[in-house]
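For reference, each letter of the sequence shown is one residue, going 497 to 646 in the working numbering. Below: the structure, in structure tokens.
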Amino acid sequence: MSVLGMHINITARRPKPGTGITVSRGECGGGVSKRRFDVNLAATPPTFVAKPAVDDFTGQVTSPTVDFPYKISLTDPEVFELDVTKACAGDCTFTVVLDWVADGKKGTSVLDNHGHSFRSINASSRPRYRLDPGLDGMKLQPLSLTLKLL
Numbered sequence: 497m498s499v500l501g502m503h504i505n506i507t508a509r510r511p512k513p514g515t516g517i518t519v520s521r522g523e524c525g526g527g528v529s530k531r532r533f534d535v536n537l538a539a540t541p542p543t544f545v546a547k548p549a550v551d552d553f554t555g556q557v558t559s560p561t562v563d564f565p566y567k568i569s570l571t572d573p574e575v576f577e578l579d580v581t582k583a584c585a586g587d588c589t590f591t592v593v594l595d596w597v598a599d600g601k602k603g604t605s606v607l608d609n610h611g612h613s614f615r616s617i618n619a620s621s622r623p624r625y626r627l628d629p630g631l632d633g634m635k636l637q638p639l640s641l642t643l644k645l646l
């Protein structure tokens, strides 16, 4: 199977909410190589740049940048990590569309959040927190200004 390309489909753009805080889930899992991309949701259409795979624990590059098209194994999972480096001006939702070919047949797969679009809010002026699991339950941890979508 070959993955031919990827594009970001903005499904809605709205003004930034007037009040509130932003809460993200903490990162979890491990042991799986990720295809990393920096994403600019402010561009029309949104753009992305492939980045090298980096070990989450050591910070060492584990494989060079892989750009489209590339071949994958049907038995190994593909994990895409999209790091939104430029958010949309307000509140936007989006899906990720992958183009592929397998056994000579072309197709597309829409990657979404269990049937719903992913959401990005330009939270530059809002308090931001991450929800992390701990031994004594879930904890809200203050976040830096880097927005990361997994």
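All C-beta atoms in this analysis are idealised placements derived from N, C-alpha and C, irrespective of residue type, glycine included.
Distance from the CA of V606 to the CA of A508, rounded to the nearest whole angstrom, comes to 16 Å. Looking at the DSSP output, D551 bridges to nothing.
By alpha-carbon distance to L500, the top candidate from T571, L578, Y566 and R615 is Y566.
If the five residues before and after D534 are omitted, its C-beta is found closer than 7 Å to the C-beta atoms of F544, V545, K547, D579 and T581, all from its own chain and listed in chain order. In this structure, DSSP gives M634 an extended state, which the three-state scheme calls strand. K602 is bridged by DSSP to V597.
For the pair W596 and D632, the Cα-to-Cα distance works out to about 44 Å.
Linking M502 to P513 through their CA atoms gives a straight-line distance of about 29 Å.
Straight-line measurement puts the Cα of T561 at about 33 Å from the Cα of G630. Where K530 is concerned, the enclosing beta strand (DSSP E) starts and stops at K530 to N536. Beta-bridge partners assigned by DSSP to I504: V592.
Annotation for L578: the continuous beta strand (DSSP E) segment containing it runs V575 to K582.
Leaving aside the five residues that flank Q637 on each side, the residues in its chain whose CB is nearer than 7 Å to its CB run, in chain order, Y625, R626 and D628. As the crow flies, the alpha-carbon of L537 is around 9 Å from that of A585.
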